[in-house]
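A short worksheet on the structure shown next.
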Amino acid sequence: MAETAVSPTLVWLVIVAAAVGTLALRASFVVLFRRVETVPPRVERALSYVPPAVLTALVVPAVVVVDGSIAVSPGNERLLAAAVAALVAWRTERVLPTLGVGMAVFWGLRFLA
Amino acid sequence: MEDTQSGVRAGARDMVPLLSGAIPFGMLVGVAAVGVGFTSVQATVMSILLFAGASQFAAFDLLARDAPAAVVVATVLVVNVRMTMYSASIAPYFRQFSPRWRWPFVYILTDYIYALAITEFDESHPDYNRRYYLGAAIPLWIAYVGGTAAGAVLGARIPSSWGLDFVIPLAFVALAVPTIENRASLLAAVAAGVVAVAGAGLPFNLGLVVAAVAGVAAGLVVDWGAA
């Protein structure tokens, strides 16, 4: 866990702004653009690529970049644990088994090291 | 009012199996929040106001890396942009509800609720739909918010040497893999991953935004190639 405390003002600012924006996204077609019946198909196609792109962009640097440099080696326990977790996610499509197996591999490798 | 009860009960009945995912997921959000320096109150209020787990994990990840507030908020919104698809798809049913129900129902519109509602809703029975939605939404809200509060209290007692912050990238693995359904989404993920690593040193964590744009562009190029 990070020891550095995040400034309370920053936390509240982020929470409130993100919450208002997210509510607007949920409300978009129900309340805000009531005349638009559906998302145009082209926009919908583009939107469907947002989750794989963003989620992968969040995970790959977190497991591949160690101390500012790229570490693709068996010594990188985060990379190995994430690879096993990805396999579990692919087979089960469930969050908890993925986290459970991923953490078990991570702890196991650290214990062996 | 047997009809009222049956609608609420049907919603709750269909939601119960999903709670086995929502409670622990809420707890993980709480644990991760205190891990990056949130208080238990901040963690719980965040889950109440945002009610969107994956985007909350994204916020923790960026706050731990000292990203500016604007980048954190923008990333949360990008992760949640799929909600506009739910909004468009469910809008015809929501317009049958009175305005006083519309905003609370919009507020709770999230992956689980959308998946249940869109399969169960029947255009000719708005009253049943409204009760079904309530029956499903209330247990979900209690499970997720309660889970966050419990996780935040628990997380504050877990020593940092356990490396529990690794659950954040693992949660993204669990969420990302099922979104890869075809060649185009696979390429979107690969392109985003490569660009994110290449841009890891960019200021303000802009690498993430550039990677997301590159990934969506890659997916669309494959899409057009196939059409």
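Chains as they are written, first to last, in our numbering: chain A, 15 to 127; chain B, 7 to 233. Think of the CB as a built atom: it goes at the ideal place given N, C-alpha and C, for glycine as much as any other residue.
Using a Cβ-Cβ cut-off of 9 Å, state whether residue i counts as contacting chain A.
i: Trp-109(B); result: yes
i: Asp-67(B); result: yes
i: Pro-23(B); result: no
i: Asp-229(B); result: yes
i: Phe-127(B); result: no
i: Ala-206(B); result: yes
i: Val-151(B); result: no
i: Ile-186(B); result: yes
i: Pro-175(B); result: yes
i: Met-7(B); result: In this prediction, Met-7(B) scores a pLDDT of 47, lower than 50, which makes its location untrustworthy; no coordinate-derived value is stated.
i: Tyr-113(B); result: yes
i: Gln-48(B); result: yes
i: Phe-100(B); result: yes
i: Thr-154(B); result: no
i: Val-35(B); result: no
i: Pro-132(B); result: no
i: Leu-146(B); result: no
i: Tyr-138(B); result: no
i: Arg-15(B); result: no
i: Leu-55(B); result: yes
Can you confirm whether residue i, when its beta carbon is compared against all beta carbons of chain B, has any partner nearer than 9 Å?
i: Met-15(A); result: Because Met-15(A) sits at a pLDDT of 42, beneath the cut-off of 50, its placement in the model cannot be relied upon, and the point is left open.
i: Ala-127(A); result: no
i: Ser-87(A); result: no
i: Leu-94(A); result: no
i: Gly-116(A); result: yes
i: Gly-122(A); result: no
For residue i, is the classification buried or exposed, using 16 other Cβ atoms within 10 angstroms of its Cβ as the cut-off for buried?
i: Leu-25(B); result: buried
i: Asn-234(B); result: Residue numbering for chain B in the displayed model covers 7 to 233; residue 234(B) lies beyond these limits and cannot be assessed.
i: Glu-129(B); result: exposed
i: Val-84(B); result: buried
i: Phe-120(A); result: buried
i: Gly-89(A); result: exposed
i: Ser-87(A); result: exposed
i: Val-51(B); result: buried
i: Phe-125(A); result: exposed
i: Ala-190(B); result: buried
i: Gly-157(B); result: buried
i: Pro-110(B); result: exposed
Using only CA atoms, which one of the options lies nearest to residue i?
i: Val-45(A); options: Ala-194(B), Ala-224(B), Val-37(B), Ser-93(B); result: Ser-93(B)
i: Pro-55(A); options: Pro-30(B), Tyr-138(B), Met-91(B); result: Met-91(B)
i: Val-79(A); options: Ala-202(B), Ala-232(B), Asp-229(B); result: Ala-202(B)
i: Ala-199(B); options: Leu-160(B), Ala-217(B), Ala-190(B); result: Note that residue 199(B) corresponds to Gly in the displayed sequence, not to Ala. The shortest Cα separation from Gly-199(B) among Leu-160(B), Ala-217(B), Ala-190(B) belongs to Ala-217(B).
i: Ala-67(A); options: Tyr-150(B), Gly-59(B), Val-40(B), Gly-213(B); result: Gly-213(B)
i: Ser-23(B); options: Arg-40(A), Gly-114(A), Arg-108(A); result: With the sequence shown as reference, residue 23(B) is identified as Pro, and Ser is not the correct amino acid for it. Checking every option, the nearest Cα to that of Pro-23(B) belongs to Arg-108(A).
i: Val-112(B); options: Arg-19(B), Glu-126(B), His-131(B), Leu-140(B); result: Leu-140(B)
i: Ala-237(B); options: Ala-118(A), Pro-22(A), Tyr-63(A), Thr-106(A); result: The displayed coordinates of chain B run from 7 to 233. Any statement about residue 237(B) would go beyond what the structure contains.
i: Ala-60(B); options: Ile-174(B), Gly-225(B), Trp-230(B); result: Ile-174(B)
i: Val-115(A); options: Ala-177(B), Glu-126(B), Arg-137(B); result: Ala-177(B)
i: Ser-62(A); options: Ile-124(B), Pro-74(B), Ala-194(B); result: Ala-194(B)
i: Val-228(B); options: Ala-60(A), Ala-76(A), Leu-39(A); result: Ala-60(A)
i: Val-35(B); options: Asp-20(B), Arg-15(B), Gly-17(B), Ala-58(B); result: Ala-58(B)
i: Arg-137(B); options: Ile-164(B), Ala-156(B), Phe-103(B); result: Phe-103(B)
i: Ser-21(A); options: Tyr-150(B), Val-40(B), Leu-170(B), Thr-154(B); result: Val-40(B)
i: Leu-72(A); options: Met-89(B), Ala-206(B), Pro-30(B), Val-222(B); result: Ala-206(B)
What residues are listed by DSSP as bridge partners for residue i?
i: Ile-84(A); result: Val-79(A)
Using DSSP with H/G/I as helix, E/B as strand and the rest coil, what is residue i?
i: Tyr-139(B); result: helix
i: Thr-52(A); result: coil
i: Val-42(B); result: coil
i: Gly-207(B); result: coil
i: Gly-157(B); result: helix
i: Gln-102(B); result: coil
i: Ala-95(A); result: helix
i: Glu-58(A); result: helix
i: Ser-21(A); result: coil
i: Asp-171(B); result: helix
i: Arg-108(B); result: helix
i: Gly-231(B); result: helix
i: Ser-130(B); result: coil
i: Phe-125(A); result: helix
i: Ile-114(B); result: coil
i: Ala-33(A); result: helix
i: Gly-225(B); result: helix
i: Phe-66(B); result: helix
i: Pro-111(A); result: helix
i: Arg-163(B); result: coil
i: Ala-75(B); result: helix
i: Phe-57(B); result: coil
Which residues in chain E have a C-beta closer than 7 Å to the C-beta of residue i? List them in chain order.
i: Asn-86(B); result: The displayed structure is made up of protein chains A and B, and chain E is not among them.
Relative to the ligand NAP, is the shortest distance from any of its heavy atoms to the C-beta of residue i smaller than 8 Å?
i: Phe-43(A); result: This structure lacks the ligand NAP, and indeed carries no ligand of any kind.
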